[in-house]
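So the mapping is simple: the numbering used here equals the position in the sequence shown, first residue as 1, plus 7.
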Amino acid sequence: MTILVTGGAGFIGSNFVLEWLAGSDEAVVNLDALTYAGNLENLAAVHSEKRHIFVHGDIGNFDLVSQLLAEYQPRAILNFAAESHVDRSIHGPEDFIQTNIVGTFRLLEAVRAYWSKLEGEAKSQFRFLHVSTDEVYGFLNKEDPAFKENNRYEPSSPYSASKAASDHLVRAYHHTYGLPVLTTNCSNNYGPYHFPEKLIPLSIHNALAGKPLPIYGDGQQIRDWLYVKDHCSAIRRVLEAGRVGETYNVGGWNEKANLEVVDTLCAILDQLSPRADGKSYKEQITFVTDRPGHDRRYAIDASKLERELGWKPAESFETGIRKTVEWYLENHAWVANVTSGHYRQWVDQNYGERS
Ligand code: NAD
Ligand code: DAU
8 MTILVTGGAG FIGSNFVLEW LAGSDEAVVN LDALTYAGNL ENLAAVHSEK RHIFVHGDIG
68 NFDLVSQLLA EYQPRAILNF AAESHVDRSI HGPEDFIQTN IVGTFRLLEA VRAYWSKLEG
128 EAKSQFRFLH VSTDEVYGFL NKEDPAFKEN NRYEPSSPYS ASKAASDHLV RAYHHTYGLP
188 VLTTNCSNNY GPYHFPEKLI PLSIHNALAG KPLPIYGDGQ QIRDWLYVKD HCSAIRRVLE
248 AGRVGETYNV GGWNEKANLE VVDTLCAILD QLSPRADGKS YKEQITFVTD RPGHDRRYAI
308 DASKLERELG WKPAESFETG IRKTVEWYLE NHAWVANVTS GHYRQWVDQN YGERS
């Protein structure tokens, strides 16, 4: 048996592939375009593993995807591939439209053609699992209840709008063609192999490099944090037992304001890798111009997943964030490699224009 994972060289996809190969006998075909966010170093541990078949390519390449499906006959597709960074979607939305909308559409077309020719159990047991985000639901005010699966879609950034469009396409392929799809909408992830353009890895990297820790606006925006391996376990559980056509929200009930998250990171770093001058890393916190259209609060109600499929996160925010800081302290070479070259241009572009 084989599964096809897309975007498996990115942050969540690579964590998923590593855990899958460690915990199952099934092979993984890993299709990834290796954009700036894709990194084969994340997969170094499975470099010589025969059950990991890496294919450098685009989910929007219908011919390539069709050929892979015909050759490997996967029993499931897990679609992680996407442009994922909100700030980049504000600077340049085009790639988000191409990959998240057009790419998902072409992938669905290739999968539909493949699935429609399957027979018997191969057809009835086949699954297409689409990995999506809580950002499709828009933002919450302080007193609003957390997002449920039946919340309205109200995306507010080019990134979330493109993910919302892809979710709609996935569901339309179920409703119209009967394709057996599952969708997961997860809150903010953190953990190993997180690219340092996102708040948590950027703050750890900048702290250790003696650079400012940029907080957008007043730092009171709230995100709901989930350790990446808990997201992966939720995806495995939904793949195994999720009801076809259903959506499952994934989250760890860990709402935190951004400033609180960065304060926590500083406190852990103060213990594990104190500054030479004895001062706290908090001294490096710098308030900068806000993100345009910045969503104030996200919060996920994961009770459907917990109730129906018995899933629970293994990590609390406190245990997960400590493990994450430890991972970055132990993986200097990984950080040094991903923060060279184009990364610096991005930092200049994104932070250079903020006062
Ligand atoms: P990431 O940016 O770290 O990785 C994306 C991966 O997709 C990269 O390896 C990249 O090379 C690949 N990719 C991009 N365009 C491609 C294309 N056209 N064809 C093939 N591969 C392509 O993203 P991530 O944080 O790992 O997120 C993975 C998925 O999970 C995304 O769909 C994202 O929307 C969703 N998600 C992320 C979070 C989060 O907090 N990071 C939370 C909820 C949902
Ligand atoms: O909610 C799920 C989403 O979480 C995923 O769908 C996205 O792919 C993922 O990138 C993430 O989006 P966010 O925009 O919430 O993540 P980011 O790490 O970019 O920002 C987290 C919060 O921190 C957000 O309120 C903006 C703020 N921030 C971010 C950066 C990079 C800062 O204050 N300073 C920064 O330098």
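Idealized CB from N, CA, C, for every residue including glycine.
Expressed to the nearest angstrom, what Euclidean distance is found between the alpha-carbon atoms of residue i and residue j?
i    : j    : result
N357 : I97  : 10 Å
S347 : R119 : 40 Å
A89  : Q278 : 36 Å
G226 : N49  : 31 Å
D65  : I328 : 33 Å
N344 : H182 : 44 Å
T331 : L266 : 17 Å
N148 : S194 : 16 Å
L85  : G252 : 14 Å
L38  : G285 : 46 Å
S73  : H212 : 40 Å
R351 : E126 : 51 Å
C273 : P165 : 31 Å
A83  : L76  : 10 Å
D102 : L336 : 32 Å
V24  : V12  : 8 Å
N46  : S310 : 34 Å
Y43  : H349 : 8 Å
W353 : N338 : 22 Å
L233 : E128 : 35 Å
S210 : Q80  : 42 Å
Among the residues of its own chain, which have a CB less than 7 Å from the CB of residue i, if the five just before and after it don't count?
i    : result
P441 : Outside the displayed span of the chain (8 to 362) sits residue 441, for which this structure offers no information.
I292 : L220, I222, V269
F69  : R113, E116, A117
K130 : W122
Y200 : F18, S21, N22, N49
F289 : The displayed chain sequence assigns Lys, not Phe, to residue 289. Answer for K289: D270, C273, listed in chain order.
A34  : T9, R58, I60
Go ahead and label residue i buried or exposed: buried means 16 or more other beta carbons lie within 10 angstroms of its beta carbon, across all protein chains shown.
i    : result
R113 : buried
Y184 : exposed
A283 : exposed
D141 : buried
P152 : exposed
D355 : exposed
R361 : exposed
H59  : buried
G4   : Examination of residue 4 is not possible in this model, given that the chain is present from 8 through 362 alone.
So, at 6 Å on beta carbons, what are the nonlocal neighbours of residue i in its own chain, with the 5 sequence-adjacent residues on each side left out?
i    : result
K316 : Correcting the residue type first, residue 316 is Leu in the shown sequence and not Lys. Contacts found: R244, A248.
A388 : Any property of residue 388 remains undetermined from this structure, which presents the chain solely from 8 to 362.
D297 : Y223, G224
S167 : E142, V143
I307 : D141, A153, F154, S194, D231, N256, G258
I6   : Residue 6 is absent from the structure shown; the chain starts at 8 and stops at 362.
V53  : L28, H59
I207 : Y197
Can you list, in chain order, the residues of its chain with a C-beta nearer than 8 Å to that of residue i? Leave out the 5 residues immediately preceding and following it.
i    : result
I19  : F87, V138, N196, V235, H238, C239
L176 : I108, T111, F112, L115
V403 : The first residue shown for the chain is 8 and the last is 362, placing residue 403 beyond what the model contains.
At a threshold of 8 Å, does residue i count as lining the ligand SAM (C-beta to nearest heavy atom)?
i    : result
D270 : This structure lacks the ligand SAM; its bound ligands are the ligand NAD and the ligand DAU.
What ranges does the beta strand (DSSP E) occupy inside the stretch 110-140, keeping only unbroken runs of at least 3 residues that lie completely in it? 134-140
Inside the stretch 220-274 only - alpha helix (DSSP H) runs reaching at least 4 residues: 235-248
Going along the chain, which unbroken runs of the alpha helix (DSSP H) with 4 or more residues stay wholly within the stretch 39-106? 69-79, 93-98
Uninterrupted beta strand (DSSP E) stretches inside the stretch 191-217 (no shorter than 3 residues): 195-197
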